Amino acid sequence: MADNIARVFADAIATDPTRPLLTWYDDATGERTELSGATLANWVAKTANLLVDEAALAPGDTAAVLLSPHWQTAAVLLGCWSAKLTVVDAPGDVDVLFAAADRAAEAEAWSAGERYALALAPFAAPLRQVPPGFVDYVVEVRGHGDHFSPYPGGGDTDADLLARAAERATELCLAAGDRVLIDAARHPDPVDWLLAPLTAGASIVLCGNLDLASVDSRAASEKVTRTLT
């Protein structure tokens with residue numbers, strides 16, 4: 043078994059980087075965004091490079107991620123883990139904070155050296171108005187390189203998350219080659235909607251504001267083999 047999250051992600055896309063790995067739906071806006079493994083890997087690399095080159099962070103530094111399940115959230119989390127940052131949940135002092143623009147007030151409970159806001163908008167559109175004290179993640183990340191060599195080895199955080207992910211993959215009956223439709227509202231933990239499928243070798247159809255009436259037709263069109271609603 044891979045000993046770190048970056049290796050799990052690399053293994054998930056190694057067989058065919060061009061196949062869809064994460065497809066995002068937002069039934070409130072009608073958005074559908076499909077990312078191949080290679081495309082998501084580019085976003086992950088850009089995020090890791092942003093953290094290392096621009097924010098000057100190092101392994102063991104801390105990050106807070108105040109973002110709902112979304113394809114950009116996947117890029118942020120995987121970028122943090124590739125750079126060997128520890129993603130923490132409890133409010134306090136962190137080295138970097140990522141927050142949805144509509145959660146900027148909530149972010150005041152955190153003290154952070156760097157603050158990035160996200161619109162989580164269709165087509166990765168930038169924010170129309172950046173909250174005070176933040177910079178726009180989408181604007182900043184685009185200028186960074188598409189390749190990043192993750193730090194080797196796995197720390198305690200990786201080991202804990204991967205163990206939880208493997209356990210959840212078993213509980214959710216996920217297997218290699220599965221295409222999993224996930225209701226983001228019912229599975230907000232990234233261990234469920236991101237790491238468990240990746241650990242199992244499955245691809246993800248992540249649905250925000252899911253219209254339950256659309257599940258059957260979407261499952262058919264996306265060739266879904268497992269539904270988590």
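Numbering-wise (my numbering), the sequence shown opens with residue 43 and increments by one. Cβ coordinates follow ideal geometry from the N, Cα and C atoms, glycine included. These numbers were taken from a predicted model, which means no experiment stands behind them.
Around the Cβ of residue i, are there at least 16 other Cβ atoms within 10 angstroms (buried) or fewer (exposed)?
i	result
VAL183	buried
ARG210	buried
ASN251	exposed
VAL181	exposed
GLU156	buried
LEU264	Checking the sequence shown, residue 264 turns out to be Glu, not Leu. That one is buried.
ASP103	buried
CYS215	exposed
PRO239	buried
Does residue i come out as helix, strand or coil in the three-state DSSP assignment?
i	result
SER124	helix
PHE51	helix
ALA154	strand
GLU76	strand
THR89	helix
PHE140	strand
LEU119	helix
LEU240	helix
Quick one: measure Cβ to Cβ for residue i and residue j, integer angstroms, because I've assumed they're closer than 8 Å.
i	j	result
ALA117	LEU139	Between LEU139 and ALA117 the Cβ distance is about 16 Å, and since that is not below 8 Å, they are no contact.
LEU204	VAL50	7 Å
ILE47	ASP200	5 Å
ILE152	PRO133	At residue 152 the sequence reads Trp, which differs from the Ile that was named. Going by Cβ atoms, the distance from TRP152 to PRO133 rounds to 5 Å, so yes, they are a contact pair.
If you check the beta carbons only, do residue i and residue j fall under 8 Å apart?
i	j	result
ALA106	VAL130	yes
GLU73	THR65	no
LEU109	ALA125	no
ALA159	ASP188	no
VAL233	ALA207	yes
PHE190	ALA146	no
VAL22	LEU237	Since the first residue of the chain shown is 43 and the last is 271, residue 22 is not available in this structure.
*asked:* Three or more C-beta pairs under 8 Å: does that hold for the segment 237-247 against the segment 218-229?
replied: yes
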